[in-house]
């Protein structure tokens, strides 16, 4: 271990802990950050990626998981293109990592920004984020079917609020229109937090917010979940409201809407990173995952806790890219000219 | 309610402990530093704060964080007054009269007025939060896209109708601002526009870079032309300046009260502090007896925008706490802090985390007072900066500007852009193009367009949506009245003479 | 601010010429905006106005205004006002040129070294200070920025070979 004397104590403890409790990797990772690590969020404050990244920052600091500080920076310009290009242009700087949402694929496809995920070094998949169909709790629709029928009857005047344009929320909206023949007016907002507020304020009939973007409003009985866009219900049984837990939300498929969509919450780092450097971060996030704060975040946000690293991760991302290429093409969202 | 007050007093008790008072001073000083140096933002504040906060009680941590917030709010006025460089969008309107005052040798008065007004505005908003929080939070929910657009519309109208410069130049300057604001990603269609394939233009033209160039560098060039000295050199450094200024301030109670109300409204809606400051300045200029002197160093022209901006900045904490949507970058800092401590903002925060919320509110009262004391004692010190000879301070300002421009997107391109804006600012100002409408358009242009188009999407192209309910109709009508105010007041005057005759 | 009394016999570019130049510059800017908007689509599409709709009309308005401004300046009877005399312009350029060089070299030398050089140059050229005053300020100020930004607030600023040599 290349530690300065004053870090030996801490480092040794951390190494010991890592070796005994996790030991996914040799504990003597040869590389350690020598400067503050920039943690880029290619989205605005208050959204799902932001909440996750800031929670990680808190965990890393509180449990002293890194000898250097972690600085969280929002770079949301150009639908996240600002953040991705920043990391892409930082080749050889191992002190820069980025958390992703689907705009990893959709932004270059929709805008033609010269960027592809292969420009970055994949580190780890932390979790997959679910999507839930929400309506305002004052509205009478109790099931997805009632809602879809009402949307059809409204003759294309129902407003669907979502994050960004030609991104995951709009992709799901497109899929919903195709599956039901109901027509929605998609209204893009800047971030997941703002989307949820639009729904609570009755400025939209529905949203497809991620669980942790809407959970605080659900707890207060302001919004109602209708179904989750996954193949099986979410596993979390703890009650969120007086009567419901995440696991009580039916899948959309069971409600006659055959749509599945999960979003990557993963970590990438700057191009040209060495294996040691990637391993260091994999190890770091392994430690993050063992903390009680992380478990709270997973439970509160009802995440799908799939974890991948290395080749599995890269293959998964490549596959996902192909799927998005198709989805974007079908929806007519691909960049032209 | 009684229970709430007891929580509040309990909060006061905790905040008054000597250790926490020490934490307050530290927070304020860090905050002022963040406010003064345009390159430092909230993210950095949180980064250095975090390790500290885990070693102290959560209450102390909250106190420190909210004091950083206050410090940054106060600090923004300093560079606006002294060097014509607004560090934050809502400090722009403070430069209009604050900097001319400094040039007249009244930097101390301008700073005292600015700090005191910030204090009053913030205090008003905190009291509002204490008394009517739940009511206000539901008011915030009524603002959808059309309502938001109407607020921006009102801000533009109350500001544009009053320019003294030739109308075609005013319109040209403003629309150049709109064009610059449009560069980058169009958030409605998710498509790039006006970037012509340059990666550097992806993020559009950031307000801060434009303003540092147009105002900060432009001012240095104008000063150079006039012969190498800041006019504020003769600024008297006198500890009594604070007291003297305070004696003058009660005269502007009406402006102050109006600005508080505008600020709270804008902060909650949540259009934010920037439209609040411009709107408040515009209205003060029209209604004040000294309206004609606005822009030449009128103290009322400092009071109005500062009060409104800080009432708004503080009131914006309410939607942040209860809805989780931060109204400003500085509010985003607080949001980040909450998330790190595992507190998720939302409607139930006030119920489930009573202790925390009332502790925060108590620390807001005390932090605001401590902040005022700290910055007021430093007024003579700040004013003395203007005594440093120009050939020493000018390159230092240039360096600060360059650092500020760089840190916005970590891009050297932006530093060059700042220089271009600097030369442009000099040329435009000498040719009588007003810069304020241009800056207003850069700051609010894309948001106004976004809300306009969101509204039209929802109404399927019908403009009637901007008069579809009482709230939005009222604001739109106010905007139209503000726009045509010169015509209306002329008409009224003529009517009055006719009835008299 | 722009009212200056010019000494008799001073020479320089006329106000009229500069205003015409600014007006033409704006018109060119407007044309660029219009061209870019047309490329982005100026119609009213399925999702309401297209991306270029607003910028197109914004560009058009700028174009009209700048034409009006230029025509006004040209038709106005010239009062022979000077924009600024050559001496003043030399003063302004004395800031613009070194600042431009400063901005241009930052990517290569890093911001700290370039700042020290800029401050030193200004103090020597415009202030005629003694080196004994110049050196402490020119070195001390960037050093203070270094401590505040890199050490306290963890903001990385552009660094060059000298900082790399020192281990940053």
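Chains as they are written, first to last, in my numbering: chain P, 81 to 417; chain R, 208 to 708; chain X, 255 to 422.
Every residue, glycine too, gets a C-beta built ideally from N, C-alpha and C.
Since this is a predicted model, take the numbers as computed values, not measurements.
Think of a sphere of 7 Å around the beta carbon of residue 151 (chain P): the chain X residues whose beta carbon falls inside it are 408, in chain order.
For residue 363 (chain P), the enclosing alpha helix (DSSP H) starts and ends at 355-369. Distance check between residue 431 (chain R) and each of X:350, X:406, X:395 places X:350 closest, using alpha-carbon atoms only.
The three-state reading of DSSP puts residue 234 (chain R) in helix, counting H, G and I together. The three-state secondary structure of residue 214 (chain P), taken from DSSP, is strand. Residue R:333 holds the alpha-carbon nearest to the alpha-carbon of residue 575 (chain R) among R:242, R:603, R:333.
Contact between residue 664 (chain R) and residue 302 (chain X) is confirmed by a C-beta separation of about 5 Å, below the 8 Å threshold. Among the residues of the region 256-275 of chain P, those with a Cβ less than 9 Å away from any Cβ of chain R are 265, 266, 267, 268, 269, 270, 271, 273, 274, in the order of the chain.
For residue 183 (chain P), the enclosing alpha helix (DSSP H) starts and ends at 183-191. Counting along the chain, the unbroken alpha helix (DSSP H) around residue 608 (chain R) starts and ends at 597-616. For residue 638 (chain R), the C-beta contacts it makes with chain X under 7 Å involve 272, 273, 276, in order along the chain.
A distance of 8 Å or more separates the beta carbons of residue 417 (chain R) and residue 610 (chain R). Residue 385 (chain X) sits exposed, since fewer than 16 C-beta atoms from the chains shown fall within 10 Å of its C-beta. When rounded, the separation of the alpha-carbon atoms in residue 213 (chain P) and residue 289 (chain P) is 7 Å. Scanning its chain for C-beta atoms nearer than 6 Å, with the 5 sequence neighbours on each side dropped, one finds around residue 471 (chain R) the residues 332, 335, 518, 522, in chain order. Three or more Cβ pairs drawn from the region 383-402 of chain P and the region 200-211 of chain P lie within less than 8 Å of each other, which places the two stretches in contact. The continuous stretches of alpha helix (DSSP H) do not include residue 240 (chain P), which lies in the beta strand (DSSP E) extending over residues 238-243. The residues 283, 286, 287, 299, 301, 302, 418, 422, in chain order, have a CB closer than 8 Å to that of residue 293 (chain R) in the same chain once the five nearest residues on each side in sequence are set aside. For residue 334 (chain R), the enclosing alpha helix (DSSP H) stretches over residues 314-347.
By the CB criterion at 8 Å, residue 313 (chain P) and residue 331 (chain P) fall inside the cutoff. Residue-level contact by beta carbon fails for residue 404 (chain P) and chain R, as no gap is shorter than 8 Å.
With contacts defined as CB atoms closer than 8 Å, residue 686 (chain R) and residue 357 (chain R) qualify as a contacting pair. Residue 200 (chain P) places its beta carbon less than 8 Å from that of residue 348 (chain P). Pairing residue 603 (chain R) with residue 114 (chain P), the inter-Cα distance amounts to about 30 Å. If you compare the alpha carbons of P:283, P:410, P:161 with that of residue 219 (chain P), the shortest gap goes to P:283.
Contact between residue 377 (chain R) and residue 641 (chain R) is confirmed by a C-beta separation of about 5 Å, below the 8 Å threshold. Only buried fits residue 294 (chain P), as 16 or more other CB atoms lie within 10 angstroms of its CB. Residue state for residue 204 (chain P) is assigned as strand, using DSSP reduced to three classes. Taking C-beta separations shorter than 8 Å and ignoring five residues to either side along the sequence, the partners of residue 223 (chain R) in its chain run 573, following chain order.
Shown here for residue 400 (chain R): same chain residues with a beta carbon closer than 6 Å to its own, the five before and five after excluded, namely 393 in chain order.
A straight-line Cα-Cα distance of about 8 Å links residue 161 (chain P) and residue 188 (chain P). For the region 376-397 of chain R, residues whose beta-carbon sits nearer than 7 Å to a beta-carbon of chain P comprise 391, 392, 394, 395, 396, 397. Rounded to whole angstroms, the Cβ separation of residue 568 (chain R) and residue 218 (chain R) is 7 Å, and the two are in contact under 8 Å. Among the CB atoms of chain X, one or more fall inside 8 Å of the CB of residue 116 (chain P). For residue 162 (chain P), the chain R residues whose C-beta falls within less than 8 Å of its own C-beta are 409, 410, 616, listed in chain order. For residue 305 (chain P), there is no enclosing alpha helix (DSSP H); the enclosing beta strand (DSSP E) has its first and last residue at 303-308.
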